[in-house]
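At position 223 of the sequence shown (counting the first as 1) the number is 223 in UniProt numbering, and the numbers step up by one without a gap. Glycine included, every Cβ here is placed at the ideal spot set by N, Cα and C. Here's the structure we're looking at; comments come further down.
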Amino acid sequence: MKNAYKVTTLLSALALCLFLVTPSYAIVLDFEGLGNLDYINEFYNGGTSSMGYSGTNYGVSFSSNARSIIDSDAGGTGNFGNEPSPSTILFFLDGDAAIMSLSSGFDTGFSFYYSSIDYLGSVDVWSGLDGDGDLLASVQLPTTPQDGGDPNGYYSPFVAFGIAFEGIAHSVSFGGVVNRIGFDDVTFGSVTPGPATVPEPGTFILMGLGLAAFLGIARRRRNA
Ligand SMILES: [Ca+2]
Ligand SMILES: [Ca+2]
Ligand SMILES: [Ca+2]
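What follows is the structure, encoded as structure tokens:
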């Protein structure tokens with residue numbers, strides 16, 4: 001009976017740990033898997049890019065001018081370096097901005113990396129799809145430093161940038177001068193760009209044991 005209680009307590013503690021450390025999986029678009037000078041199109045929306053590639057379906061679509069480019073180090077024609085996820089980034093060659101729409105919407109914040117050596121960039125967050133509706137946030141992106149790349153590339157490094165906003169956003173426009181700004185690791189629902197930090201299985205076990213030990217101490221104190 002006592003052992004059964006212990007097992008139940010331990011299982012509850014482990015379940016609580018799993019619940020507490022379950023990460024909220026932020027969507028991160030790293031543009032890997034797209035082609036060089038590819039039009040992104042429906043790559044992240046259950047369809048394909050202009051070159052016929054298909055990525056995870058996040059319900060994210062891009063304006064017709066949004067393209068991907070691969071670093072020259074990796075066989076493409078990109079003149080950049082130290083991108084956060086090698087070796088493909090987002091850029092555009094016509095228009096004022098590449099617009100990204102997320103049909104399910106997102107809140108809290110939004111983040112990305114970018115490189116823009118010579119010109120200012122801008123990012124607008126909209127309540128509607130395709131840069132429509134209310135403007136929820138609008139920021140100017142400063143020019144970025146230059147470090148020589150990996151091992152070469154004019155646009156390097158990529159700098160992290162986060163934007164917090166209120167309400168539900170459905171689209172983002174990435175603005176700048178054509179062919180002079182690049183973006184990578186576009187992250188929804190977080191002001192810190194990049195992959196969600198998923199705890200290692202070992203962490204679960206250690207945390208589980210830690211909490212079980214803590215509960216054990218608490219019980220012994222109560223019984224004393
Ligand atoms: Ca690179
Ligand atoms: Ca490079
Ligand atoms: Ca990338």
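At a threshold of 7 Å, does residue i count as lining ligand 2 (C-beta to nearest heavy atom)?
i, result
"N179", "no"
"D182", "The sequence given here places Gly at residue 182; Asp does not occur at that position. The answer is no for G182."
"N152", "yes"
Please find out if some non-hydrogen atom of ligand 3 comes closer than 7 Å to the beta-carbon of residue i.
i, result
"I89", "yes"
"L124", "The sequence shown places Asp at residue 124, rather than the Leu named in the question. No, ligand 3 has no heavy atom inside 7 Å of this Cβ."
"D132", "no"
"F161", "no"
"F62", "no"
"residue 267", "With the chain covering only 1 through 224, there is no way to say anything about residue 267."
"F92", "no"
"D38", "no"
Measuring from the CB of residue i, is there a heavy atom of ligand 5 at a distance below 7 Å?
i, result
"N45", "This structure lacks ligand 5; its bound ligands are ligand 1, ligand 2 and ligand 3."
Residue i lies in the beta strand (DSSP E); which residues open and close that run?
i, result
"M100", "A97 to F106"
"S61", "V60 to F62"
"Q140", "L135 to L141"
"V125", "G121 to W126"
"G76", "Where G76 is concerned, there is no enclosing beta strand (DSSP E), given that its DSSP letter is neither H nor E."
"L90", "T88 to F92"
"F183", "G182 to F188"
"Y53", "It is not in any beta strand (DSSP E) - Y53 carries neither H nor E in the DSSP assignment."
"Y114", "G109 to S115"
Check whether the Cβ atoms of residue i and residue j lie closer than 8 Å to each other.
i, j, result
"L34", "F43", "yes"
"V123", "L141", "yes"
"D107", "G189", "yes"
"S111", "F161", "yes"
"G109", "V191", "yes"
"S50", "N41", "yes"
"A66", "A98", "yes"
"L102", "G131", "no"
Give the C-beta separation of residue i and residue j to the nearest angstrom, bearing in mind that I take them to be a contact with Cβ-Cβ under 8 Å.
i, j, result
"G81", "D150", "4 Å"
"N45", "S61", "4 Å"
"S68", "L90", "6 Å"
"S116", "I70", "Contact doesn't hold; Cβ gap of about 19 Å is too wide."
"F31", "T77", "Not confirmed; about 15 Å, so no contact."
"H170", "S127", "6 Å"
* To do: May I have all residues whose beta carbon comes closer than 6 Å to any heavy atom of ligand 1, sorted in chain order?
  => D71, D73, G81, E83, P86, S87 and D150
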